[in-house]
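Below you'll find the structure, written out as C-alpha cells, and then a few comments.
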Amino acid sequence: MELKDLSPQPLWQHFAALNAVPRASKKEEGVIAFILDFGKRLGLETRRDAIGNVVIKKPATPGMENRQTVILQSHLDMVHQKNGDVNFDFATQGIDMYVDGDWVKARGTTLGADNGIGVAAIMSVLSATDLVHPAVEAMFTIDEETGMTGAKGLDPANFTGTILLNLDTEEEDELTIGCAGGIDTNTNASYKEVPAGAGNIAFDIRIKGLMGGHSGMDIIKGRGNANKLMNRLLYKAKQVVDLQLVSLDGGSLRNAIPRESQAIVTVPETAKDTFTAFVTAFTAVLKEEYKLIEKDLKVEVNAVPTPATVMEPDYFLRLLRAIYAVPNGVFRMSPDIEGLVEASSNLARVIAKDGVFITQSLQRSSVESTKEDVSMAVGAAFENIGCEVAQAGDYPGWKPDADSATLRLLLKLYKAHFPHEPKVGACHAGLECGILGGHFPGGLDMISFGPTITGAHSPDEKVQISSVGRFYDYFLHILREIPVK
C-alpha cells in the first residue's frame, strides 16, 4: 500500500506534499512559500508575519457563524536527523516514506510526522468543502524545534480566536494541558595541542546504534546517551593505557538524545593489545547494562593513520572529569503529577577538534526554579575547566488549567468517541502554548492533542496509521461542537 491510498486521503496527500519540501528549522523559506501558495490557491486570506509564521483564515461554514473562532496551530519545521550510514541531503531531498503495516516510516531519516501530521490535518480542514466548522485561523509557526522563535515573534494582531487547538501531542490517548519550559546551555573553550608521542598508534572509536529520541518525551526511558557513554569509555581506558585524544565528535541536534559518538585517540604501540582487549570487555559491560533498552548498541574500533598532534594531556583529563560530572537525564520527578519528569538535561553535542572544545545541551523543567537549577549545574561543571558558558533560548512552560471549558468539551467528546478514558496532564516537552498564551492578554483556552508518533527526533520516527484516522475524526467532531460566542 502507498501513502496516497491511506485514509483519510486528504490528510495523507497533504502530508506527502509537505514532506516533499525540505523544512529544517531555521531553513524554512521553502516550506513557508509552500504553505503561502497553498492558502492563496484556495482563495483564503493568507499572510506571512514579520518573523515568518503563516496565517490562513477560513470563514465559518453556514450555520456556524455564531460559534467561537478557533486557532488551529502546528509548526512547519521538522528535526533533520539521519543514520550515519545513510546518504541523504536534507537541503534538496524530500523525505523517503513507506508503509509498514500500521505505520508510516522513513528510510534512514526522521519522518517529520512531528509536527507534519498536525500541519496536514489543518491543511485538510482548510481545503475541505464538505466539513462543518466555525471560523478557523490556521497558525503555522516556524523554528519550533531549535528555539521557538516563531512563537516568540508571533504577531497576535493577526488573530481573533479565543480557543487554540495545538496538534503536537504524540499519544492519541493524551490530552495535554501543560508542558515544560527549556533553556540551552552552550559552552566553549580553547585548548593546547602537543605533538603525538613517538611510537604511538591511532584508533577511531565509534559508539553507534543507540535509539536516541526526543530529549524531553524520551528522557525518562533510560536510553543511552552516546556522549556520556563515550566519555565513560575514554575515562576508563585512560586508567588502563596512556590514552591521548585527537578529536571527539558526538551527537547532532540540541533536542535529540545522542545516538552516535566518534573519538580518535592514540595509545603506545606496545599497549595495542591491552587497549583493544579493554574496549572489547567494556563493550560487553555496556551491552549487559543496556540489553533491555539498547539492543543495537555497537562499539567499533579501527586503526587509522597517526596524527601529528593530540590534546594537551592535563586538559584531556580535566575534560573527561567535567563531562563525567555533567547532569544528564532525569534531574527531578514532579512531586505534584505522578510519573511526570519535572526537570531534565540532555548533553546533546560534544566536539573537541583543532584546539576548540564545545558542548551544547538543553535543560527542561515545568518549574522555572528547577530549570535554573539544572542549567546552572551543567554550566558549573564546564566553568570548572575554564569554559565560557552561554545560556540562551529560554522559553517558559505552560501552566495547566484543569478547569478549562475546552478541556471539558474535549473530555466529553473523547468519551463518546473512544472506548477508554484519556490521560489528561502535562508533558515533559516544549510545546509552543506557553509562549503563545503570553501574547494574548485576554487569554486563550488551549489544549494539545494528536495521533500516536514514536521515535520523534530520531531516524526511528514513525506514525501509526490507524491512530491518525481516529485523531482526525475526533478533531472534526471537536470543530463541529465548538460553543457559541
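Residues 1002 to 1486 (the working numbering) make up the sequence shown, in order. Cβ coordinates follow ideal geometry from the N, Cα and C atoms, glycine included. Note that the coordinates shown come from a computational prediction; the quantities given were computed from them, not determined experimentally.
The alpha helix (DSSP H) enclosing residue i, as first and last residue numbers
i	result
residue 1233	1227-1241
residue 1010	1010-1020
residue 1185	Taken as a continuous stretch (DSSP letters only), residue 1185 belongs to no alpha helix (DSSP H), being part of the beta strand (DSSP E) at 1182-1191.
When the options are compared against residue i, the one with the closest alpha-carbon
i	options	result
residue 1368	1464, 1430, 1007, 1200	1430
residue 1493	1167, 1089, 1280	Only positions 1002 to 1486 of the chain appear in the structure, and residue 1493 is not among them; the question remains open.
residue 1345	1224, 1332, 1104	1332
residue 1404	1032, 1169, 1178	1178
residue 1154	1306, 1049, 1213	1049
residue 1195	1357, 1018, 1314, 1063	1314
residue 1245	1193, 1222, 1040	1193
residue 1258	1372, 1293, 1089, 1349	1349
residue 1003	1090, 1085, 1102, 1164	1102
residue 1426	1174, 1051, 1357	1174
residue 1143	1031, 1008, 1076, 1324	1076
residue 1415	1158, 1131, 1472, 1223	1472
residue 1218	1172, 1207, 1191	1172
residue 1214	1248, 1455, 1451	1455
residue 1230	1248, 1463, 1263	1263
Residue i to residue j span [Cα, whole Å]
i	j	result
residue 1277	residue 1117	45 Å
residue 1366	residue 1080	21 Å
residue 1406	residue 1126	23 Å
residue 1297	residue 1261	12 Å
residue 1042	residue 1128	10 Å
residue 1170	residue 1390	32 Å
residue 1397	residue 1204	44 Å
residue 1156	residue 1319	47 Å
residue 1137	residue 1299	49 Å
residue 1337	residue 1093	46 Å
residue 1317	residue 1198	15 Å
residue 1327	residue 1359	14 Å
residue 1023	residue 1017	12 Å
residue 1189	residue 1151	27 Å
residue 1329	residue 1347	5 Å
residue 1252	residue 1227	7 Å
residue 1536	residue 1060	Outside the modelled stretch of the chain, which goes from 1002 to 1486, sits residue 1536, for which no answer is possible.
residue 1478	residue 1069	15 Å
residue 1412	residue 1239	57 Å
residue 1273	residue 1308	16 Å
residue 1343	residue 1302	38 Å
residue 1105	residue 1379	37 Å
residue 1164	residue 1134	13 Å
residue 1487	residue 1062	This structure does not reach residue 1487, given that the chain is present from 1002 up to 1486, and the question cannot be answered.
residue 1255	residue 1442	31 Å
residue 968	residue 1032	In the structure as shown, the chain starts at 1002 and stops at 1486, and residue 968 therefore has no counterpart that could be examined.
Residue i in three-state terms, based on DSSP
i	result
residue 1394	strand
residue 1386	coil
residue 1046	strand
residue 1024	coil
residue 1472	helix
residue 1202	strand
residue 1134	coil
residue 1259	coil
residue 1030	helix
residue 1462	coil
residue 1175	strand
residue 1416	helix
residue 1004	helix
residue 970	Lying before the first or after the last residue shown, residue 970 is absent from the chain, which here runs from 1002 to 1486.
residue 1324	helix
residue 1269	strand
residue 1208	strand
residue 1051	coil
residue 1457	coil
Continuous beta strand (DSSP E) stretch holding residue i: start and end
i	result
residue 1196	1194-1196
residue 1084	Segment: none, residue 1084 is in no beta strand (DSSP E) and carries neither H nor E.
residue 1275	Here residue 1275 belongs to no beta strand (DSSP E); instead the alpha helix (DSSP H) covers 1273-1290.
residue 1251	1245-1251
residue 1141	1137-1142
residue 1150	Per DSSP, residue 1150 belongs to no beta strand (DSSP E); it is in the alpha helix (DSSP H), 1150-1153.
residue 1218	Element bounds for residue 1218: n/a, residue is neither H nor E.
residue 1302	1299-1305
residue 1058	1055-1059
residue 1166	1164-1167
residue 1453	Run containing residue 1453: none; DSSP gives neither H nor E here.
residue 1310	1310-1312
Residue-level contact to chain C via CB, residue i, 7 Å cutoff
i	result
residue 1338	Protein chains in the displayed structure number just one, and chain C is not present.
Check: residue i C-beta below 6 Å from any heavy atom of the ligand HEM
i	result
residue 1049	Here there are no bound small molecules, and the ligand HEM is not part of this structure.
### Any alpha helix (DSSP H) of 4 or more consecutive residues that is wholly inside the segment 1326-1414
1369-1384
### Query
In chain order, which continuous runs of the beta strand (DSSP E) of length 3 or greater are located wholly inside the segment 1065-1127?
1071-1076, 1098-1101, 1104-1107
### Query
What residue ranges within the segment 1427-1451 form continuous alpha helix (DSSP H) runs of no fewer than 4 residues, ordered along the chain?
1434-1439
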